[in-house]
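Those letters in the sequence shown? Residues 1 to 170, by full-length UniProt numbering.
Ideal placement from N, C-alpha and C gives every residue a C-beta, glycine not left out.
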Amino acid sequence: MDTHNKMTRDFRNKLQALLARKANHKCMYPGCTQPAINAHAISKEYALRGIAKDGILIHPEPLRLDEDIYCRIKFCEVGTQKASTFKGFCKTHDSTFGALDKTGINTLGDVFLQLYRSFANIVFVDNAYLASARHAGDHENFNQDFELSKPISASRGLSLSYDLLDGYNN
């Protein structure tokens, strides 16, 4: 097996382990060390159920064989219980988004909370990809300095959200 195929396999295996529902992650809220729970990045009650058919959504899944350069997309069914979930926050900090799950997005404050949760989801997935690449021995395709030089990025959005959340009452 050549080095590229081994790196690709190692990357994929690590990524699957990090994104698995049973994986252990800590809360992303600054200073919190509690275990993160499986929570929805998009409200199950007010968004996902509204577009689901019999509790099922269609989810794009990228496919690529180790030796293929081009990626194909397969569309799979996923239940609303599993759709858009990630382990970003502990139970206490996930409750910050309770209004979104009870009444949907109705105010500018709700828009802010949804953006905050979406940034957290993107950063969570990006961190999993970065850890997987490092595990596979690929350090050159991820440039942290470049990420920090961008005027806007998910990680900067998440940091801004933390600052704005301090003292925020919905």
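Counting along the chain, the unbroken alpha helix (DSSP H) around lysine 91 starts and ends at 91-94. DSSP places lysine 74 inside the beta strand (DSSP E), whose first and last residues are 72-79. Taking a cut-off of 8 Å on C-beta distances, the region 35-49 touches the region 83-93, as three or more cross pairs fall below it.
For tyrosine 46, no alpha helix (DSSP H) run applies, since DSSP gives it neither H nor E. Shown here for valine 123: same chain residues with a beta carbon closer than 6 Å to its own, the five before and five after excluded, namely Ala154, Ser155 and Leu158 in chain order.
Contact annotation: phenylalanine 119 and serine 161 have beta-carbon atoms nearer than 7 Å.
Within the DSSP bridge table, the entry for lysine 53 names Ile56 as partners. Under DSSP, threonine 85 takes part in a beta bridge, and its partners are His40. The straight-line gap separating the alpha-carbon atoms of alanine 131 and tyrosine 46 is approximately 33 Å. Its Cα nearest to that of threonine 92, the residue Tyr29 stands out among Lys74, Tyr29 and Ala52. Around the C-beta of aspartate 166, fewer than 16 other C-beta atoms lie within 10 Å, and the residue is accordingly described as exposed.
For leucine 48, the closest C-alpha among the options Val78, Asp94 and Leu113 is that of Val78.
By the C-beta density criterion, aspartate 94 is buried, having at least 16 other C-beta atoms within 10 angstroms. If you look at serine 161, you'll find it in the alpha helix (DSSP H) that goes 154-165. Lysine 26 is bridged by DSSP to Pro35.
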